Amino acid sequence: MVPQRTQLRQNYPNPFNPETWIPYDLAIDANVTIEIYNITGHIIKRVNLGPQAAGRYRDRSKALFWNGRSDNGERVANGIYYIKFTANEVIQICQLVIVK
888 MVPQRTQLRQ
898 NYPNPFNPET
908 WIPYDLAIDA
918 NVTIEIYNIT
928 GHIIKRVNLG
938 PQAAGRYRDR
948 SKALFWNGRS
958 DNGERVANGI
968 YYIKFTANEV
978 IQICQLVIVK
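As structure tokens, this is what we get:
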């Protein structure tokens, strides 16, 4: 079933240590990018998922998996981070927390 709305959903688990899944819904086919920022606004992880078909990307087999590491492969520190979800013209942000 295709969702009515394109949206970022809350990651799970949240808070997490050391890994989490980032679910989302696409009402139409879209180019999807997910970026993770630290509290000071610096990007620490960028994942370009590319073209994705409309649908629900909610369970562990479809949601984006994040292992808590930066683009440099370093484990990120405890704290608050922000997920920026971009799907065509839709942009949404939500908060996630790493607790070790």
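So for the sequence shown, my numbering puts the first residue at 888; every next one is plus one.
Note that CB positions come from ideal geometry on N, CA and C, so glycine has one too.
Everything numeric in this text was worked out from a predicted model, so none of it was measured.
Unbroken beta strand (DSSP E) stretches of 3 residues or longer found wholly inside the region 910–980: 911–913, 917–925, 930–939, 942–944, 951–953 and 966–974, given in chain order. DSSP places T907 within a strand segment (E or B) once states are collapsed to three.
Q894 has D912 as its beta-bridge partners, per DSSP. Judged by beta-carbon spacing, A950 lies within the 8 Å limit of W908, meaning their Cβ atoms are closer than that value. A941 counts as exposed, since fewer than 16 other beta carbons sit within 10 angstroms of its beta carbon. Listed in chain order, the non-local C-beta contacts of I980 below 6 Å within the same chain comprise Y969 and K971, local neighbours out to five positions each way being set aside. In the structure shown, V986 falls within a coil segment according to DSSP collapsed to helix, strand and coil. Using a Cβ distance threshold of 8 Å, I926 and I967 count as a contacting pair.
Apart from the 5 residues on each side of it in sequence, R892 sits with its Cβ closer than 8 Å to the Cβ of D912 and A914 in its chain, given in chain order.
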